[in-house]
Amino acid sequence: MPRIIIIATGNPAKFREISDIMGKYDIAVRMADLRVDVREGTASYEENARLKAFYVAARLGADAFGEDSGIEVPALGGFPGVMSARFIEGRDSDRTDALLDRMRHLGPPDRKAAFKACAVIALADGTTVVGYGELNGRITDGPVGENGFGYDPVFVPDGYDRTLAQMSPREKNDISHRRRAIEAVVEKYLFQRGVGAE
Ligand code: ITT
Numbered sequence: 034m035p036r037i038i039i040i041a042t043g044n045p046a047k048f049r050e051i052s053d054i055m056g057k058y059d060i061a062v063r064m065a066d067l068r069v070d071v072r073e074g075t076a077s078y079e080e081n082a083r084l085k086a087f088y089v090a091a092r093l094g095a096d097a098f099g100e101d102s103g104i105e106v107p108a109l110g111g112f113p114g115v116m117s118a119r120f121i122e123g124r125d126s127d128r129t130d131a132l133l134d135r136m137r138h139l140g141p142p143d144r145k146a147a148f149k150a151c152a153v154i155a156l157a158d159g160t161t162v163v164g165y166g167e168l169n170g171r172i173t174d175g176p177v178g179e180n181g182f183g184y185d186p187v188f189v190p191d192g193y194d195r196t197l198a199q200m201s202p203r204e205k206n207d208i209s210h211r212r213r214a215i216e217a218v219v220e221k222y223l224f225q226r227g228v229g230a231e
């Protein structure tokens with residue numbers, strides 16, 4: 034019987050990526066069938082990931098996975114960071130346009146950016162494990178590509194000449210911040226549970 038982890042996200046695109054990335058482990062994932070009603074803070078990805086995971090673990094009495102992520106532009110002081118989903122209301126494309134607008138005056142050296150993710154698994158016994166991931170790259174002048182979600186159409190990873198939205202889901206999942214955070218947290222989780230120890 035695989036272990037079951039409930040995924041505390043309201044974002045179906047994120048859930049698909051998490052589910053694909055976790056596919057290589059002997060873990061079954063389910064999207065939480067409740068609204069993850071947490072007020073996300075501004076302090077850190079980890080704080081928000083913990084809030085989401087604990088919310089679901091406490092209500093469902095099961096091991097739960099929460100993830101918080103964002104994109105950071107060093108030339109803008111790390112903006113939008115933890116506020117990536119919320120710095121203006123509207124759709125993903127509105128926020129992408131707003132970011133491009135703020136970067137209009139910036140040349141190539143200042144267009145460096147990084148996706149960051151923190152993943153937390155809250156265990157039904159009240160303990161937690163945490164993993165981080167990062168993907169470095171640059172922001173384009175305009176959106177290109179149809180795949181993925183969020184800022185994918187404006188982000189080209191280092192070493193590539195295509196945006197994440199021009200890549201297949203598998204290509205993105207091979208290199209993403211989310212993959213790195215998930216691998217880090219799941220390996221600790223399995224080790225702690227006495228499965229797959231090195
Ligand atoms: P949940 O909180 O319900 O998990 P969410 O979409 O609100 O879903 P976050 O609060 O973690 O997720 O916000 C993440 C923000 O960063 C959001 O604006 C995303 O579009 C963006 N983001 C994170 N990872 C991304 C990725 O892989 N590709 C594109 N954008 C991403």
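For the sequence shown, our numbering begins at 34 and goes up steadily by one.
Glycine is no exception: its CB is placed at the ideal position from the N, C-alpha and C atoms.
The model shown is predicted, which means the values in this text are computed figures rather than measured ones.
| Asked | Found |
| --- | --- |
| Reduced DSSP category for residue 193 - H, G, I as helix; E, B as strand; rest coil | coil |
| Burial state of residue 104, where buried means 16 or more other Cβ atoms lie within 10 Å | buried |
| Cutoff 6 Å; reference residue 97; Cβ partners in own chain excluding five residues on either side | 39, 41, 86, 89, 90 and 155 |
| Whole runs of the alpha helix (DSSP H) within the stretch 159-212, excluding any shorter than 4 residues | 202-208 |
| Segments of 4+ residues assigned as alpha helix (DSSP H) that fall wholly inside the stretch 49-117 | 78-93 |
| Residue 145 beta carbon near the ligand ITT (any heavy atom closer than 8 Å) | no |
| Residue 198 to residue 157 span [Cα, whole Å] | 36 Å |
| Straight-line Cα distance separating residue 142 from residue 69 | 38 Å |
| Bridge partners - residue 147, DSSP secondary structure assignment | 105 and 169 |
| Residue 104 Cβ short of 8 Å to the ligand ITT heavy atom set | yes |
| Burial state of residue 28, where buried means 16 or more other Cβ atoms lie within 10 Å | Residue 28 is absent from the structure shown; the chain starts at 34 and stops at 231. |
| Nearest-angstrom beta carbon gap, residue 171 and residue 150 [assumed within contact, 8 Å] | Actually they do not touch by this definition, with Cβ atoms about 18 Å apart. |
| Residue 277 beta carbon near the ligand ITT (any heavy atom closer than 8 Å) | Residue 277 cannot be examined here, being either before or after the span of the chain that is shown, 34 to 231. |
| Straight-line Cα distance separating residue 112 from residue 95 | 35 Å |
| Straight-line gap, residue 162 to residue 211 (C-alpha atoms, nearest Å) | 15 Å |
| As assigned by DSSP and simplified to three states, the class of residue 135 | helix |
| Check whether residue 37 and residue 72 have beta carbons under 9 Å apart | no |
| C-beta atoms of residue 144 and residue 177 nearer than 9 Å | no |
| Residue 261: first and last residue of the uninterrupted beta strand (DSSP E) it sits in | Any question about residue 261 goes unanswered here, given that the chain covers just 34 to 231. |
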